[in-house]
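Asker: Protein chains in written order, with my numbering: chain A, 1018 to 1345; chain B, 449 to 1177. A virtual CB, placed ideally from N, CA and C, is assigned to each residue, including glycine. As the structure is a computational prediction, the values presented were derived from the model and not from experiment. The structure is given below, and queries will be raised subsequently.
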Amino acid sequence: MRPFQYQRAHSISDASAIAALPEAMLIAGGTNLLDMMKLQVATPSQLGDIGRIGLDGIQDTSDRGLRIGALATNTATAVHPRVRADYPVLARAILAGATQQLRNKATTGGNLCQRTRCYYFMNVDQPCNKRDPGSGCGAIGGVNKLHAVLGTSDQCIATYPGDMAVALTALGAKVVIAKSDGAERTVPVRDFHLLPGDTPWRDNVLDQGELIVAVTLPPPVAATQLYRKVRERSSYAFALVSIAAVIAIDDGKFARADLAFGGLAHKPWHDPRIGELLVGAAPSPALYDQAADLLLEGAEGHGDNDFKIPLARRTLHAVLAEAVEKAA
Amino acid sequence: MSVHVKQDKPATDNRLDTMRQGVIGKPVSRIEGLAKVTGTAPYAAEYPVEGCVEGVLVTATITRGTIVRIDAESALAMPGVIAVIDDERLTTRPAQGTANEAPQQKPRTICYWGQPIALVVAESFEQARDAARHLVVEYKPDEAAPVEADPSIAEEQEDETVREGNLDKAMSDAAFAVDVTYTTKGHASAAMEPHAAIAQWDGERLTVHASLQMLNYNITELSDALDLPEDRIRLISRYVGGGFGSKLGISEEAVAASIAAMQLERPVRVVMSRQQVFQSIMRRSETTQRLRLACDADGRLTGFGHEALVSNLPGEEFAEPVLQSSHFLYPGEHRELVLKLARIHRMTAGSVRAPGEAVGMPTLEAAMDVLAERAGIDPVELRLRNIPDKDPEQGLPFSSHKLAECLRQGAEAFGWDSAPRRPRLRREGEWWIGTGMASAARVHNVAEARARVTLKADGTALVETDMTDIGTGTYTIVAQIAGEMLGLRPDQVLVDLGDSNHPRGPGSGGSWGAPSIGSAVYVACMAIREALADTLGIDETALVLADAKAGNGTPLTELLGGKDLVREGHYEPGKITDDYLASGFGAFFAEVRVNHYTGETRVNRMLGAFGFGRVLNAKTARSQCLGGITWSIGMALTEALEFDPRDGHLVNRDLAEYHVPVHRDVPDLDVVLVEERDAAASIIQAKGIGELGMCGGAAAIANAIYNACGARVFDYPMTPDRVLAAMPD
């Protein structure tokens, strides 16, 4: 572990000030960052502990939505009565991730910022453009079973590993960010994570000195909510493919179809064309195939992960069929 | 006084069943269990040693080549750094089990990515780790470094080869035949406790707390590596947090800690990181296996072919013994068994959890399922029709053979349906449900062992040996055997294990620990009984001991007259190992569900029925079987070492990415212990247990996958991508 200066932040402005320092990182639950520091994947010289600046509340918003503080733990969020009642896809996605011990420590903001578990990213003696820009991508031509089939670049084929953000994407949640000047800005979760492009070291839109203060959920809608995570072992494994679905049926037709996909890309994947295709149409396997065609347009495997393309199609069929059955 | 018994004949006169204490075989809880679960049982790295400094291994970042220069200054300038140990005696691989000599040294010659090359020692672990990362090493790489096993470069292992009759003709003449090829991925032992050592040097003698399975060999290996006589070394491994083969031989951290402690004259602790354990210790070789089975119209095997390709580093003798049980499990006059070894530059291949049968049995038993289907014979019945009455290759009698009983009792306990089988008969929602079964077999090993038993003047007993308990229950069964023989409760027997100052045991490995050390303890206790009988003026066979009293009511304390009675038992297997073929046998039954859409497979329930001689402790024996079945689930569904195809480095090198089963993957497991006495297996009529539970179980799951959804998968583990690729529409 590289030696670092540790500072405890006492307020959001404290945290912003620390985050603005060179080579600084903020730590909340530390469930991802500490692992990376031990492996020297992350080597901050300044560590700002934001664990005691509040921000762990979960409150109703004036429009009957929900504001989840950046430091609310995953466990607290998953068991919150309003989350369970109105946003069950979020509770299910969180509970599908990690382990109870990790969820007790992991926070909302930290979860959004967790980094890829690409094997080459996590091994400092292997090339990785995300960790070491310009060193190359070890996963291309290497072992890439967990890797992305959508939105990749020739610089990086890593996936975003989380579950919670997939549900937040389907729900249309927003990320509230404190800027270094004390002002706030709000970014839809759908736009928070970035594709790798030519800047694979950038996971998301946060600038140096910024921190997440909350996630807001829109008012609940009457819909069936599902989270399906396909994985090799039944717990403590990252998704091969996951789908968050918020589905409503009215008069035998889709009235709402908000879908988001994990395990396929460098970010939780959302394609608005899928919802547009489904809404107003009657459920049928042929329709699901069309939805899958849209989802997988341009999908490209890299060898070990070729299977994700048919798997995503089959899983989409399963999820839509289940949602329709439950919604009916 | 030492008593030596060499066992040339079956121990039909064994006395354990005639004793009166009544503790042998009973489900006694582990005597060290409370210390372990309360955190008071110290593991190797946990001994508080004053002034201990911390060492971190530096590992190679090329696959093959030489080190031109190690710039020690690059690390020595960093805070807290005490030394860079760059010593020709550093070992670069773990010793193979029972090697009894130092493994490969010469750390400046690189043979695989991740090979240890140096040790950085610092005041704190964090400083050492950081400095190890920053040590500047200049390499001269050798481009010729094959990392994939290629049959064209493989050498036939002639000791394993059997060619009898004409298998090709048997295949073409057969009423039914199967010719299928399977692959299995490499496996990691994946013990919870990482490899760790604390070395202390007083200028004359070296003491090493280490996590090791076989001190009786490890002391010689360490002595050879350091060029230090054995009588100046003491190894201590009182508690071992799992070994599974990975701690059979002395490993790199113990040698490095010793060298550093002797050089610096300070205690040095070296704990491997999880990643280092994965990439620098043992892998089970990946395998490619072709099975050819030919049978007559009644399903009786006429031809048996099993060919396997495995790999290892240049210079390693170990070749995953895939065919070990294939040599005797089934008949077939026309036989062809061939094992080939390819030399590649991945980390050392060695013993990992039931080497051989762990991967040989799941392919054989999956092929048997294909044959059963072709022949239209129930899979249980097909096995029952193919139990040889003697070893089909050497003609030796079996020491005992409980396969038929295990098949029948297992089928009954599981509720096996022998109605004609067809895939896709049962579906619940998205899930196809199916069942499968497989035979289990694992060769029985027994080894030379010594133990010293002291019946103390106060009426308690002490057993001392360098034998280890790697979580299997050795402490407890030793207390039970001594207690039974000497008329004491297990808690009146103090068992002192894992110290090389004690008489040499057999070590824990190859499931031979319990029958071997148990026999040595038995021999010592018999000698004590003889002495007590002499005191009473009776024949030993007339001596009754129970509740710390002789049969005539005389307390042991009185009999002993204030003196300790000490005997060393020295057990050695003799001609029994040449005259009999000894193996544990069993049967697995599994019910699985396979998701039609995603190909995910989950085990609904699983049962194993096992016959392995005398059960010494029904609870720890059952636990061993449960663990074995759990590994079967891992082997079948999730466990796979993945190597980079270019530099051969191990890619998934932690427990997040190397998928051992988690609790949720392991459903209700049931174990049927088919009790027997195998007098030719050991003097206590017991066989090994630990590994049998994973020798074939993966095939029961594979066969159930086929029965559930119709996907015949030929590659282990059967992950969703593979199941989907084989899934009919």
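#1: Identify whether Ser600(B) lies in helix, strand or coil by the three-state DSSP scheme.
#2: Here's the rule I'm using: 16 or more other beta-carbon atoms within 10 Å means buried, otherwise exposed. How should Tyr1023(A) be labelled?
#3: Would Ala1200(A) be called buried (16 or more neighbouring beta carbons within 10 Å of its own) or exposed?
#4: Taking Cys743(B) as part of the beta strand (DSSP E), name the residues at either end of that continuous run.
#5: What does a CB cutoff of less than 6 Å around Pro1235(A) pick up in its chain, not counting 5 residues either side in sequence?
#6: For the putative contact between Ile1081(B) and Ile1149(B), defined by C-beta atoms under 8 Å, what is the C-beta separation to the nearest angstrom?
#7: By DSSP's criteria, Lys788(B) is part of a beta bridge. Which residues make up the other side?
#8: What is the DSSP secondary structure of Met1054(B), reduced to helix, strand or coil?
#9: Just tell me which of Ala742(B), Ala888(B) and Gln575(B) has its CA closest to the CA of Leu851(B).
#10: Near Ala979(B), which residues of its chain fall below 8 Å by C-beta distance, leaving aside the five closest residues on each side in sequence?
#11: Could you list which residues in chain B have their beta carbon closer than 7 Å to that of Arg1019(A), in chain order?
#12: Go ahead and pull the three-state DSSP assignment for Met809(B).
#13: Along chain A, which residues have their Cβ under 8 Å away from the Cβ of Tyr1106(B)?
#14: Which residues share a DSSP beta bridge with Pro589(B)?
#15: What residues of chain A sit near Tyr1045(B), judged by a beta carbon separation below 7 Å?
#16: CB-CB under 6 Å to Arg541(B), same chain, minus the five flanking residues each way: which ones, in chain order?
#17: Under 8 Å, with one C-beta from each stretch per pair, do the stretch 745-763 of chain B and the stretch 784-799 of chain B reach the 3-pair mark?
#18: Since Ala1079(B) is in the alpha helix (DSSP H), which residue starts that stretch and which ends it?
#19: With DSSP run on the structure shown, which of helix, strand or coil describes Met1042(A)?
#20: Report back the beta-carbon spacing between Gly921(B) and Thr1068(B) to the nearest angstrom; my notes put them in contact at under 8 Å.
#21: Since Phe624(B) is in the beta strand (DSSP E), which residue starts that stretch and which ends it?
#22: Tyr1305(A) touches chain B at which residues, Cβ-Cβ below 9 Å?
#23: Note down, in chain order, each residue of its chain lying with its Cβ closer than 8 Å to the Cβ of Asp1142(A), except the 5 sequence neighbours on either side.
#24: Compare the beta carbon distance of Gln727(B) and Leu1098(B) with 7 Å and say whether it is the shorter of the two.
#25: Cβ of Pro1249(B) within 7 Å of Cβ of Gln455(B)?
#26: If you reduce the DSSP assignment to three classes, tell me which class Met720(B) lands in.
#27: Tell me the DSSP secondary structure of Ile479(B) in three-state form.
#28: Would you say Phe1138(A) lies against chain B (beta-carbon separation less than 7 Å)?
#29: Who are the near neighbours of Gln842(B) in its chain, counting only those whose CB is closer than 6 Å to its CB and skipping five residues on each side?
#30: How about Glu1249(A): is its C-beta nearer than 7 Å to some C-beta of chain B?
#31: Leaving out the 5 sequence neighbours to the left and right, which residues in its chain are closer than 8 Å to Ile965(B) when beta-carbon positions are compared?
#32: Quick check on this structure: which residue in Lys1122(A), Val1336(A), Pro1302(A) and Gly1071(A) has the alpha carbon closest to the alpha carbon of Ala1095(A)?
#33: Under three-state DSSP, which class holds Asn614(B)?
#34: Can you tell me which of the three DSSP states Ile1067(A) falls into?
#35: Enumerate in chain order the residues of its own chain whose CB-to-CB distance from Pro1039(A) is below 8 Å, with the five nearest sequence positions on each side excluded.
#36: Taking the runs of the beta strand (DSSP E) that are 3 residues or longer, which of them lie wholly in the stretch 1109-1174 of chain B?
Answerer: In brief:
#1: Start at 1 with the first residue of the second sequence, and residue 600(B) comes out as number 152. Shown here, Ser600(B) sits in a helix according to DSSP, grouped into three states.
#2: Taking the first sequence and counting its residues from 1, the one referred to as residue 1023(A) is at position 6. The residue in question, Tyr1023(A), is exposed, as its Cβ has fewer than 16 Cβ neighbours within 10 Å.
#3: The residue labelled residue 1200(A) in the question sits at position 183 within the first sequence. Counting other Cβ atoms within 10 Å of its Cβ, Ala1200(A) stays below 16 and is therefore classed as exposed.
#4: Reading the second sequence from its first residue, position 295 is the one you call residue 743(B). Taken as a continuous stretch (DSSP letters only), the beta strand (DSSP E) holding Cys743(B) covers Thr735 to Cys743.
#5: Here residue 1235(A) refers to the residue found at position 218 when the first sequence is read from its first residue. Taken in chain order, the residues that qualify are Gly1082 and Gly1189.
#6: Translated into positions along the second sequence, residue 1081(B) becomes position 633. Translated into positions along the second sequence, residue 1149(B) becomes position 701. Contact holds; Cβ gap of about 7 Å.
#7: The residue labelled residue 788(B) in the question sits at position 340 within the second sequence. For Lys788(B), which the question treats as bridged, DSSP gives the partners Glu604(B) and Leu757(B).
#8: For the purposes of this step, residue 1054(B) is taken as the residue at position 606 of the second sequence. Three-state result, Met1054(B): strand.
#9: As a working note, residue 851(B) is residue 403 in the second sequence. Taking Leu851(B) as reference, the option from Ala742(B), Ala888(B) and Gln575(B) with the minimal CA-CA separation is Ala888(B).
#10: Locating residue 979(B) in the second sequence gives position 531, where the first residue counts as 1. Its chain contains Leu1013 and Arg1015 as the residues whose beta carbon lies nearer than 8 Å to that of Ala979(B), once the 5 sequence neighbours on both sides are disregarded; these appear in chain order.
#11: Against the first sequence, residue 1019(A) aligns to sequence position 2. What Arg1019(A) touches in chain B: Asp578.
#12: Within the second sequence, residue 809(B) is the residue found at index 361, counting from 1. Residue state, collapsed to three classes: helix.
#13: For the purposes of this step, residue 1106(B) is taken as residue 658 along the second sequence, with counting starting at 1. Within 8 Å Cβ-Cβ: nothing; Tyr1106(B) doesn't reach chain A, min ~11 Å.
#14: Within the second sequence, residue 589(B) is the residue found at index 141, counting from 1. Pro589(B) is bridged to Gly513(B).
#15: The residue labelled residue 1045(B) in the question sits at position 597 within the second sequence. By Cβ distance, chain A contributes Arg1331, Thr1332, His1334 and Ala1335.
#16: Within the second sequence, numbered from 1, the residue matching residue 541(B) stands at position 93. Within its own chain, the residues whose Cβ lies closer than 6 Å to the Cβ of Arg541(B), once the five positions on either side in sequence are excluded, are Pro551, Gln552 and Thr796, listed in chain order.
#17: In short, these stretches touch, since the Cβ pair count reaches three.
#18: The residue given as residue 1079(B) occupies position 631 in the second sequence. Checking the displayed sequence, the identity of residue 1079(B) turns out to be Trp instead of Ala. It spans Ala1066 to Leu1085 - the alpha helix (DSSP H) in which Trp1079(B) sits, taken as one unbroken run.
#19: Position 25 of the first sequence, counted from the first residue, corresponds to residue 1042(A). Met1042(A) falls in the strand class under three-state DSSP.
#20: Position 473 of the second sequence, counting from 1, holds the residue named residue 921(B). Position 620 of the second sequence, counting from 1, holds the residue named residue 1068(B). Going by Cβ atoms, the distance from Gly921(B) to Thr1068(B) rounds to 3 Å, so yes, they are a contact pair.
#21: Along the second sequence, one-based indexing puts residue 624(B) at 176. Phe624 to Thr632 is the extent of the beta strand (DSSP E) around Phe624(B).
#22: Counting from 1 along the first sequence, the entry for residue 1305(A) is found at position 288. Ordered by position in chain B, no residue passes the 9 Å Cβ test against Tyr1305(A), which lies about 11 Å from the chain.
#23: In the first sequence, residue 1142(A) corresponds to position 125, counting from 1. The answer is none, since no qualifying residue turns up.
#24: The count along the second sequence starts at 1 and reaches residue 727(B) at position 279. The count along the second sequence starts at 1 and reaches residue 1098(B) at position 650. Yes, they are a contact pair.
#25: The displayed coordinates of chain B run from 449 to 1177. Any statement about residue 1249(B) would go beyond what the structure contains.
#26: Position 272 of the second sequence, counted from the first residue, corresponds to residue 720(B). Coil at Met720(B), not helix or strand.
#27: Taking the second sequence and counting its residues from 1, the one referred to as residue 479(B) is at position 31. Assigned with DSSP and collapsed to three states, Ile479(B) falls in coil, not helix or strand.
#28: Looking up residue 1138(A) in the first sequence gives position 121. No Cβ of chain B is located within less than 7 Å of the beta carbon of Phe1138(A).
#29: Stepping through the second sequence from its first residue, residue 842(B) is reached at position 394. Residues of the same chain with a CB within less than 6 Å of the CB of Gln842(B), apart from the 5 flanking positions on each side, do not exist.
#30: Taking the first sequence and counting its residues from 1, the one referred to as residue 1249(A) is at position 232. Judged by the 7 Å Cβ criterion, Glu1249(A) is in contact with chain B.
#31: Position 517 of the second sequence holds residue 965(B). Ala897, Ala899, Thr913, Met915, Thr922, Val926, Gly953 and Pro954.
#32: For the purposes of this step, residue 1095(A) is identified with residue 78 of the first sequence, where counting begins at 1. Ranking Lys1122(A), Val1336(A), Pro1302(A) and Gly1071(A) by Cα distance to Ala1095(A) puts Lys1122(A) first.
#33: Within the second sequence, the letter at position 166 stands for residue 614(B). Coil, per DSSP.
#34: Walking along the first sequence from the start, residue 1067(A) turns up at place 50. Residue state, collapsed to three classes: coil.
#35: The residue given as residue 1039(A) occupies position 22 in the first sequence. Non-local beta-carbon contacts of Pro1039(A) in its own chain, meaning distances under 8 Å to residues more than five positions away in sequence, involve Ser1062 and Gln1063 in chain order.
#36: Taken in chain order, the whole beta strand (DSSP E) runs of length 3 or more contained in the stretch 1109-1174 of chain B are 1116-1121.
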